[in-house]
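Participant: So the protein lines, in turn, are chains A and B.
Residue numbers for the first sequence, in our numbering: 9 to 192.
Residue numbers for the second sequence, in our numbering: 396 to 761.
The beta carbon of each residue, even a glycine, is placed where N, CA and C say it ideally should be.
Only a predicted model underlies this, so the values are computations on that prediction, with no experimental measurement involved.
I have a structure here, written as structure tokens, and I will follow up with some questions on it.
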Amino acid sequence: MICEHCKQRKATVTVTQIINGHKSEKHYCEVCAAQFHPFNLDFHKEEQIPIHQLLSNWFGMPIWKNETQERAVQPSIQTNACPACGFTFRKFLNEGKLGCPQCYETFGEKLPQVLAKIQAGTKHTGKRPGQKVDNNRIIKKQIEHAREQLQLAIQDERFEDAAKFRDEIKALERKLEMGGVDTP
Amino acid sequence: MNLEYFLKAEAPSWMGVDGEENDIVISTRIRLARNLDGFRFPLIFTDEEAKTVDQMVTQAFSQLNNGNHHFSHFTIQEMPVLQRQVLVEKHLISPMLANREKFASVIISKDEAISVMVNEEDHLRIQCLSPGLQLIETYEMANKLDCQLEKLLPIAFNNQFGYLTSCPTNVGTGLRASVMMHLPGLSMMKQMKVLTQMLARFGMVVRGIYGEGSENLGNMYQISNQVTLGKAEDEIIDDLQTVVMQIIEQERNARQTLLKQSQVALEDRIHRAFGTLKHARIMTSEEAATCLSNVRLGIDLGIIKNVSKHVLNECTILIQPGFVQQYAGTTLEPGERDVFRAKLIREKLNDGNSKLKEKGEEKHDV
Ligand SMILES: [Zn+2]
Ligand SMILES: [Zn+2]
Numbered sequence: 009m010i011c012e013h014c015k016q017r018k019a020t021v022t023v024t025q026i027i028n029g030h031k032s033e034k035h036y037c038e039v040c041a042a043q044f045h046p047f048n049l050d051f052h053k054e055e056q057i058p059i060h061q062l063l064s065n066w067f068g069m070p071i072w073k074n075e076t077q078e079r080a081v082q083p084s085i086q087t088n089a090c091p092a093c094g095f096t097f098r099k100f101l102n103e104g105k106l107g108c109p110q111c112y113e114t115f116g117e118k119l120p121q122v123l124a125k126i127q128a129g130t131k132h133t134g135k136r137p138g139q140k141v142d143n144n145r146i147i148k149k150q151i152e153h154a155r156e157q158l159q160l161a162i163q164d165e166r167f168e169d170a171a172k173f174r175d176e177i178k179a180l181e182r183k184l185e186m187g188g189v190d191t192p
Numbered sequence: 396m397n398l399e400y401f402l403k404a405e406a407p408s409w410m411g412v413d414g415e416e417n418d419i420v421i422s423t424r425i426r427l428a429r430n431l432d433g434f435r436f437p438l439i440f441t442d443e444e445a446k447t448v449d450q451m452v453t454q455a456f457s458q459l460n461n462g463n464h465h466f467s468h469f470t471i472q473e474m475p476v477l478q479r480q481v482l483v484e485k486h487l488i489s490p491m492l493a494n495r496e497k498f499a500s501v502i503i504s505k506d507e508a509i510s511v512m513v514n515e516e517d518h519l520r521i522q523c524l525s526p527g528l529q530l531i532e533t534y535e536m537a538n539k540l541d542c543q544l545e546k547l548l549p550i551a552f553n554n555q556f557g558y559l560t561s562c563p564t565n566v567g568t569g570l571r572a573s574v575m576m577h578l579p580g581l582s583m584m585k586q587m588k589v590l591t592q593m594l595a596r597f598g599m600v601v602r603g604i605y606g607e608g609s610e611n612l613g614n615m616y617q618i619s620n621q622v623t624l625g626k627a628e629d630e631i632i633d634d635l636q637t638v639v640m641q642i643i644e645q646e647r648n649a650r651q652t653l654l655k656q657s658q659v660a661l662e663d664r665i666h667r668a669f670g671t672l673k674h675a676r677i678m679t680s681e682e683a684a685t686c687l688s689n690v691r692l693g694i695d696l697g698i699i700k701n702v703s704k705h706v707l708n709e710c711t712i713l714i715q716p717g718f719v720q721q722y723a724g725t726t727l728e729p730g731e732r733d734v735f736r737a738k739l740i741r742e743k744l745n746d747g748n749s750k751l752k753e754k755g756e757e758k759h760d761v
């Protein structure tokens, strides 16, 4: 069967929904299913609801069934499962959590779609093991802020405050010269 | 350090009165989530794996050459329930870790500024706490420990997804930066709902500090980043810093407006709260939190003098159920707790000042 949504990939997920006693069944591919899954509610709109709550709210929602699970022992289950922990992508959608570090590699192609909904991006841009983090950007921002405060203090003739901000700026500039490391 | 040391009825150093903007920002917290490669996440790991992870982490800490920080290791299973609760109330462990029966442990630094939870949702949760607004400094503290541990442990990392975590909401940097703020002005001006909604747009979350379901108890709020992937550590911290500075400014404005519009009513409210704390004989944690918030505001506005922030910070921690029972030396029914809580606060506020002088020599921050 072909996916009812994209009409491209093979449908492997059956969604059973019961509305007013009327039962309807939809068939989606894994990619589309992941998109419609309640787990993927747009987080930027539903920010306050933590993931576990979304999942616990979820029992009143459509029941997701895997075709392969119904057909009992199927070789395709093995290919879909994480070799290190046995987690499937569907199990991940159910639990909201992954089974082991290896899962990220196993589901490396499908994960970005989920991550795009809950994160600012799908690629890590921060620290790497063995690497130093550069604090300069934050320090520059702090200097900028202190300068604004200094201007305000001068305008309002709060000279004690102004002196305090001047010292703060000096200390921050020193820190910047030292490469973002605190001086004792 | 034995466990009793960490259960003592005093505010930990990170609730000191140092730190910038400390009239509004109580404390800063940085959390890094890390896992060990080759082991399943705590959600599904075997007892054998759990044990090995705990041993590896303990081993790594024993090799750490950390001049400033002396670490102590505690196994959760060996702790009585009440002691676990006290550690939760001190923010040294999470409720989730406290409820774990097997191979969960915590490593705490002597000054309580660093606590590392082992086998919580992730294998490692590095947590650092500082008084006031100190995002960069606190992040540096956590990062330093992270760098040291990375040399001793096989930390799970992936080029695309960064530091790998059990929940995809933590993946990438594994960084959750939080700032605990006292916002009575914005609360009284009914601005918190708008603020919460606005912050959500910037990927920030607002929570009450005494845990779920106690939303705005004592007007204390925790503001933290939601996003951990697609932004670098310094961007996350910078964005939070910017937002927090704006909230501070708005809170200051709100306080001035209140003072201008209804000074007598505000003074009345603050002095009443102070009187209640000093004289009440039955005190629920809700009432205590509300009164403490009003007195704190009173100190900030110069309406109440002769009460130290230090004592107030201590009370904020001590009014919680676990601490009250720790103080009583036994488990108590809620009704009995309220009586002990009132007694505890009276003692703290009435002899707070004499105690303060004794402490003055060793503690410079009072
Ligand atoms: Zn499809
Ligand atoms: Zn796995």
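Given that V39/A touches chain B, what residues does it touch there, using C-beta distances under 9 Å?
Facilitator: Residues of chain B passing the Cβ test: none, with the nearest at roughly 17 Å.
Participant: Mind checking if I521/B is an interface residue toward chain A, Cβ cutoff 8 Å exclusive?
Facilitator: So no, I521/B is outside the interface.
Participant: Measure the alpha-carbon distance for Q543/B versus L570/B and round it to whole angstroms.
Facilitator: One C-alpha to the other measures close to 17 Å.
Participant: When DSSP labels each residue in this structure, what does A428/B get in the three-state scheme?
Facilitator: In the structure shown, A428/B sits in a strand (DSSP, three-state: E or B).
Participant: Please report how far the alpha carbon of Q472/B lies from the alpha carbon of E742/B, in whole angstroms.
Facilitator: Cα to Cα, the separation comes out at about 33 Å.
Participant: Please check if any C-beta of chain B sits within less than 8 Å of the C-beta of T130/A.
Facilitator: At least one chain B Cβ lies under 8 Å of T130/A.
Participant: The beta strand (DSSP E) spanning T570/B covers which residue range?
Facilitator: Correcting the residue identity first, residue 570/B is Leu in this sequence and not Thr. First-last of the beta strand (DSSP E) with L570/B: 570 to 577.
Participant: Using a Cβ cut-off of 8 Å (strictly closer), state whether L158/A contacts chain B.
Facilitator: Judged by the 8 Å Cβ criterion, L158/A is not in contact with chain B.
Participant: Should V36/A be labelled buried (16 or more other beta-carbon atoms within 10 Å of its own) or exposed?
Facilitator: The residue you asked about is not Val; residue 36/A is Tyr in the sequence shown. So Y36/A counts as buried.
Participant: Measure from the C-beta of E165/A to each C-beta in chain B and report whether the shortest distance is under 8 Å.
Facilitator: For E165/A, the answer is no, since every Cβ of chain B falls outside 8 Å of its Cβ.
Participant: Of the residues F440/B, T470/B, M678/B, which one's Cα is nearest the Cα of C816/B?
Facilitator: For chain B, the structure presents residues 396 to 761; residue 816/B sits outside this window and is missing.
Participant: At a cut-off of 7 Å, is F6/A close to ligand 2 when judged by its beta-carbon and the heavy atoms of the ligand?
Facilitator: As displayed, chain A neither begins before 9 nor continues past 192, which places residue 6/A out of reach and without an answer.
Participant: List the residues of chain B whose Cβ lies closer than 9 Å to the Cβ of P91/A, in chain order.
Facilitator: In chain order: nothing, as chain B lies at least about 12 Å away.
Participant: Tell me, please, whether the stretch 422 to 436 of chain B touches the stretch 519 to 531 of chain B by the rule of three or more beta-carbon pairs shorter than 8 Å.
Facilitator: The stretch 422 to 436 of chain B vs the stretch 519 to 531 of chain B: in contact.
Participant: Please report how far the alpha carbon of V39/A lies from the alpha carbon of A428/B, in whole angstroms.
Facilitator: If you take the alpha carbons of V39/A and A428/B, they lie about 28 Å apart.
Participant: For chain B, find out if any of its Cβ atoms is closer than 8 Å to the Cβ of K149/A; answer yes or no.
Facilitator: Chain B, which has a Cβ nearer than 8 Å to the Cβ of K149/A, makes this yes.
Participant: Could you tell me the distance, in whole angstroms, from the CA atom of L184/A to the CA atom of N144/A?
Facilitator: Whole-angstrom Cα-Cα distance: 6 Å.
Participant: Bridge partners of S619/B, per DSSP?
Facilitator: Beta-bridge pairing links S619/B to S573/B, V600/B.
Participant: Just list the beta strand (DSSP E) runs in the stretch 529 to 593 of chain B, keeping only unbroken ones of 3 residues or longer that don't cross its boundaries, in chain order.
Facilitator: If we require 3 residues or more, the beta strand (DSSP E) runs fully inside the stretch 529 to 593 of chain B come out as 570 to 577.
Participant: Is the Cβ of Q127/A closer than 8 Å to any Cβ of chain B?
Facilitator: Output row for Q127/A: interface = yes.
Participant: Would you verify that the beta carbon of R174/A is, or is not, closer than 8 Å to some beta carbon of chain B?
Facilitator: Not closer than 8 Å to any Cβ of chain B, the Cβ of R174/A fails to qualify, so no.
Participant: Regarding T114/A and ligand 2, is the C-beta to nearest heavy atom distance less than 7 Å?
Facilitator: Yes - ligand 2 has a heavy atom lying nearer than 7 Å to the Cβ of T114/A.
Participant: Would a check of beta-carbon distances place V122/A closer than 8 Å to chain B?
Facilitator: So yes, V122/A belongs to the interface.
Participant: For Q157/A, which residues from the same chain have a beta carbon less than 7 Å from its beta carbon, with the 5 sequence-adjacent residues on both sides left out?
Facilitator: The residues are F173.
Participant: Please decide whether V638/B counts as near chain A, where near means a Cβ-Cβ distance under 8 Å.
Facilitator: Closer than 8 Å: no.
Participant: Let me know the secondary structure DSSP gives C523/B once reduced to three states.
Facilitator: Strand at C523/B.
Participant: Give every residue of the same chain whose Cβ lies closer than 7 Å to the Cβ of E416/B, excluding the five residues on either side of it in the sequence, and list them in chain order.
Facilitator: Around E416/B: G527, L528, I643.
Participant: Would you please verify whether the beta carbon of D432/B is less than 8 Å from any beta carbon of chain A?
Facilitator: Judged by the 8 Å Cβ criterion, D432/B is in contact with chain A.
Participant: Could you tell me which chain A residues have their CB closer than 7 Å to the CB of E545/B, listed as they occur along the chain?
Facilitator: Per Cβ cutoff of 7 Å: P137, G138.
Participant: Express the C-alpha separation of F597/B and E628/B in angstroms, rounding to a whole number.
Facilitator: Roughly 16 Å between the two C-alpha positions.
Participant: Which residues in the same chain as F115/A place their Cβ atom closer than 6 Å to its Cβ, once the five residues preceding and following it in sequence are excluded?
Facilitator: If we look at F115/A and ignore the five residues flanking it on each side, its Cβ neighbours are F97.
Participant: Taking 7 Å as the cut-off, is the beta-carbon of C562/B closer than that to any non-hydrogen atom of ligand 2?
Facilitator: It does not: the Cβ of C562/B is nowhere closer than 7 Å to a heavy atom of ligand 2.
Participant: Quick check on M640/B: does DSSP put it in helix, strand or coil?
Facilitator: Three-state DSSP puts M640/B in a helix.
Participant: Is there a C-beta anywhere in chain A that falls below 8 Å from the one on V443/B?
Facilitator: Before going on, a small fix: residue 443/B reads as Glu here, not Val. No, E443/B does not count as interfacial toward chain A.
Participant: Hey, is K105/A's beta-carbon within less than 8 Å of any beta-carbon in chain D?
Facilitator: Looking for chain D here will not work: the only protein chains present are A and B.
Participant: I'd like to know if F133/A contacts chain B, where contact means its C-beta is closer than 8 Å to some C-beta of that chain.
Facilitator: Note that residue 133/A corresponds to Thr in the displayed sequence, not to Phe. So yes, T133/A belongs to the interface.
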